[in-house]
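Accompanying notes for the structure given below.
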Amino acid sequence: MPDTANNPIYPYSDGATFDQGAQFALIGQGIFNSRYFERSLYSIFLTYLHMRVGQDFTNLMTAQAAIFAVFPAVIYLLGKELHSRALGVSAGMLLAMRGMNAIIAARWIDTASPKMALTDFPAAIGVAVFLFVLVKWLKSPSRFGLLLWVGAVFALTLMVRSNVLTLLPAVFVCLPFFIKVRWRQFVLAGLLLLVGMVTVTLPWEIRNQSKGIPMYSSYYSRLIMIFRSRYNLDAETSIPPREAAVTGLARQRVREGTTDIACDSIPCDIANHFLHNVATSFTSLPSSFVFDDLWNTIKADTPYWKSDWREGSVGTVGAVFIILNLALISLGVGSVWGRSRVLTLMPILIFAAYLFTNSIALTSGGRYVAPVDWIVYLFFMAGGLQLVAWLMGTSGILPESEAVSYERAVLPSLNREVVRAALPSLALILAVGMVLPISEMPFSPRYQVRQPEEILSSLEEAGLLQQTGFSRDELLAFLSQPDAMIREGRALYPRYYPSGDGEQDRSTYYRYLDYQRLVFTLIGPYSASHEGVVIPGFAPSISFHAEDVIVLGCWNTTYYAPFIDAVVVISTSGEGYVYSREPGAPLQCPLPEPQP
18 MPDTANNPIY PYSDGATFDQ GAQFALIGQG IFNSRYFERS LYSIFLTYLH MRVGQDFTNL
78 MTAQAAIFAV FPAVIYLLGK ELHSRALGVS AGMLLAMRGM NAIIAARWID TASPKMALTD
138 FPAAIGVAVF LFVLVKWLKS PSRFGLLLWV GAVFALTLMV RSNVLTLLPA VFVCLPFFIK
198 VRWRQFVLAG LLLLVGMVTV TLPWEIRNQS KGIPMYSSYY SRLIMIFRSR YNLDAETSIP
258 PREAAVTGLA RQRVREGTTD IACDSIPCDI ANHFLHNVAT SFTSLPSSFV FDDLWNTIKA
318 DTPYWKSDWR EGSVGTVGAV FIILNLALIS LGVGSVWGRS RVLTLMPILI FAAYLFTNSI
378 ALTSGGRYVA PVDWIVYLFF MAGGLQLVAW LMGTSGILPE SEAVSYERAV LPSLNREVVR
438 AALPSLALIL AVGMVLPISE MPFSPRYQVR QPEEILSSLE EAGLLQQTGF SRDELLAFLS
498 QPDAMIREGR ALYPRYYPSG DGEQDRSTYY RYLDYQRLVF TLIGPYSASH EGVVIPGFAP
558 SISFHAEDVI VLGCWNTTYY APFIDAVVVI STSGEGYVYS REPGAPLQCP LPEPQP
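In terms of this note's numbering, the sequence shown opens at residue 18 and continues consecutively.
Structural data, given as structure tokens:
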């Protein structure tokens with residue numbers, strides 16, 4: 018979201034949470050200030066991206082979109098593996114166009130795009146890579162190195178978005194339907210999957226252990242947290258200690274308003290969310306004979322895109338297209354079945370397992386289906402290709418078959434040659450895992466906890482203390498008050514709001530208030546998490562983003578989201594800059610709010 022002063026783009030809410038994880042690493046305090054967070058891989062990715070691109074968030078997201086452009090290529094490989102090059106190319110092109118549309122449509126609807134600082138889109142890439150490697154292994158089960166990669170890719174995707182947790186168990190349980198396997202080989206396959214998972218995450222888990230975080234807690238702590246928050250469970254369970262966890266990261270979603278008189282139980286809620294997940298996975302398919310522009314497609318033509326749509330009616334044309342879309346998807350499933358037989362069920366299994374996990378967490382629709390809704394487009398394009406093949410057949414032009422029918426392979430026994438062939442894969446997986454903790458190593462601590470006297474002395478030497486209009490003794494007397502504080506750290510995401518403006522969200526310090534003010538996020542060594550800073554005044558002449566700052570003020574707990582009610586903010590970067598509270602206030606906590 019843009020700053021209202023000079024309109025640079027900064028992350029907000031969940032996006033800001035993930036970026037803060039990287040920003041803590043950039044100031045030498047480790048990913049998420051060296052505290053526990055189960056979805057840390059995306060913040061690690063942002064850390065490397067910041068190292069290359071810098072702090073301009075527009076450039077950062079552009080670079081991210083360029084990297085995430087690998088998604089259509091992965092879909093091409095998967096489509097080619099399941100069906101043909103034609104499906105790979107067409108599905109990849111469709112997903113590329115969808116990504117471009119998602120970037121534009123993000124201004125109007127809640128969606129996932131490659132230029133958003135959220136985990137939905139990278140999770141989709143992870144699921145696609147996981148499915149591709151899995152299909153490759155199922156076709157050649159003697160390549161145990163691929164099986165190790167299946168486990169490794171799953172573990173990395175789990176570090177992006179924990180909703181994928183059930184995918185591997187679902188695949189493992191259904192494994193005998195896809196390959197011929199005896200129980201000993203079945204157990205062996207499970208052990209190799211586990212080895213791949215443990216190997217790729219071992220360097221990061223060793224890092225966690227060194228920070229006092231239980232190793233491999235990410236595999237269960239997220240589930241415990243979800244069950245506690247969604248189902249009000251208070252049972253004693255083993256999760257990382259409260260002081261090691263990231264707090265205040267995002268508002269906990271409570272049970273959403275899908276219950277009514279006929280549905281007032283948890284199983285009914287789960288069923289409702291599952292059906293909603295399935296339905297919203299199909300809503301971006303064609304719905305009209307009119308090939309309209311994107312804005313009209315979203316805002317004018319299709320009623321179920323609108324947030325106030327409650328009638329449950331799509332009209333005659335909409336109903337016709339729903340039937341046509343479902344028919345085309347069914348045809349696509351049949352077409353892929355003709356090439357890959359039982360492997361056709363693997364994408365469907367992944368799709369259903371992920372949506373069911375979402376439903377258990379009582380979340381559905383919107384960007385929550387983005388990690389797997391592309392599977393619908395894969396079969397949709399397969400159905401379209403089958404229609405084209407039939408038309409070409411009736412014209413006497415028969416397309417050449419590119420793939421042979423899949424036959425269930427036999428999982429071989431493990432022997433010395435197979436183990437030797439898998440060792441390079443294991444070594445490479447470990448090397449990939451080592452990239453994670455290395456992201457923290459280039460940075461030494463930028464800030465140290467200092468006594469107020471020392472901080473004020475450094476400001477005095479730099480000639481900045483005099484610009485505040487306060488003497489050293491006045492500020493020391495002010496800081497002796499219980500709620501007064503001085504903080505040193507990095508300022509992030511500054512936004513200037515006129516009187517009465519702000520975010521319509523009471524759980525953030527960026528909320529609306531009745532006076533003009535500068536608001537930003539502060540990270541540093543004084544707090545385990547980020548802190549909000551609010552200072553009344555006119556629009557500053559500089560941007561404080563990623564600047565070294567010193568803040569003096571009072572801790573304000575009047576609102577739901579507490580913040581530092583600042584008297585003065587001093588930027589120590591470059592030549593320095595002093596931004597004072599306007600109108601001024603006596604150095605006495607609590608500070609009075611400016612009158613509108």
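Just so you know, even glycine gets a beta-carbon here, dropped at the ideal spot from N, CA and C.
| Asked | Found |
| --- | --- |
| Cα-Cα separation, leucine 311 to leucine 163 | 41 Å |
| 7 Å CB neighbourhood of lysine 228 in its chain, flanking five on each side removed | Ser51 |
| Supposed close pair leucine 428, isoleucine 196 - CB separation, criterion 8 Å | 5 Å |
| Bridge-paired residues (DSSP) for lysine 197 | Val427 |
| C-alpha distance - tyrosine 27 paired with leucine 151, whole-angstrom precision | 38 Å |
| Beta-carbon gap between leucine 481 and isoleucine 552 smaller than 8 Å | no |
| Residue interval of the beta strand (DSSP E) (run including glycine 549) | 548-553 |
| Nearest residue (CA-CA) to serine 305, options Ala336, Leu404 and Gly541 | Ala336 |
| Cα-Cα separation between alanine 123 and alanine 129, rounded to whole angstroms | 7 Å |
| Spatially closest choice to valine 212 from Ala169, Leu345 and Pro469, by CA coordinates | Ala169 |
| Beta-bridge pairing of threonine 380 - partner residues as DSSP gives them | Paired residue(s): none; threonine 380 is not in a bridge. |
| Counterpart residues of arginine 534 in DSSP-defined beta bridges | Tyr514 and Pro553 |
| Cutoff 7 Å; reference valine 350; Cβ partners in own chain excluding five residues on either side | Thr361 and Phe396 |
| Three-state secondary structure assigned by DSSP to valine 359 | helix |
| Bridge partners - serine 30, DSSP secondary structure assignment | Answer is none; serine 30 lacks a bridge partner. |
| Contacting residues, own chain, Cβ-Cβ under 8 Å from serine 456 (five flanking each side not counted) | Ala42, Ile48, Ile61, Thr64 and Tyr65 |
| Local conformation of leucine 539 per DSSP, three classes | strand |
| Strand pairing of arginine 528, partner residues [DSSP] | Glu520 |
| Within 8 Å, strictly: CB atoms of isoleucine 392 and leucine 165 | no |
| Three-state class that DSSP yields for valine 307 in the structure shown | coil |
| Counted within 10 angstroms of its Cβ, other Cβ atoms place cysteine 280 as buried (16 or more) or exposed | exposed |
| DSSP-derived helix/strand/coil call for arginine 69 | helix |
| Extent of the continuous beta strand (DSSP E) to which leucine 583 belongs | For the record, residue 583 in the displayed sequence is alanine; it is not leucine. Element bounds for alanine 583: 580-588. |
| Distance between serine 301 and valine 307 (C-alpha atoms, nearest Å) | 14 Å |
| Residues of its chain near asparagine 76, where Cβ-Cβ distance is below 7 Å and the 5 sequence neighbours each way are ignored | Val70 |
| Start-to-end residues for the beta strand (DSSP E) that takes in serine 442 | From DSSP, serine 442 is part of no beta strand (DSSP E) but of the alpha helix (DSSP H) over 433-455. |
| Reduced DSSP secondary structure (H/G/I, E/B, other) of cysteine 571 | strand |
| Cβ-Cβ distance between glycine 382 and threonine 297 below 8 Å | yes |
| Where tyrosine 596 falls, given that 16 or more other Cβ within 10 Å makes a residue buried | buried |
| Classification of glycine 517 by the beta-carbon crowding that lies within 10 angstroms, buried from 16 upward | exposed |
| Residue from Met458, Tyr464, Thr183 and Arg245 whose Cα sits closest to the Cα of aspartate 565 | Tyr464 |
| Continuous alpha helix (DSSP H) stretch holding tyrosine 394: start and end | 391-411 |
| Counterpart residues of leucine 503 in DSSP-defined beta bridges | The question names leucine, yet the displayed sequence has isoleucine at residue 503. BP columns for isoleucine 503 point to Leu569. |
| Inter-residue spacing [alpha-carbon to alpha-carbon] between arginine 358 and lysine 156 | 11 Å |
| Proline 139, buried or exposed, once every other Cβ within 10 Å from all chains shown has been counted against 16 | buried |
| For tyrosine 53, the three-state DSSP class (helix, strand or coil) | strand |
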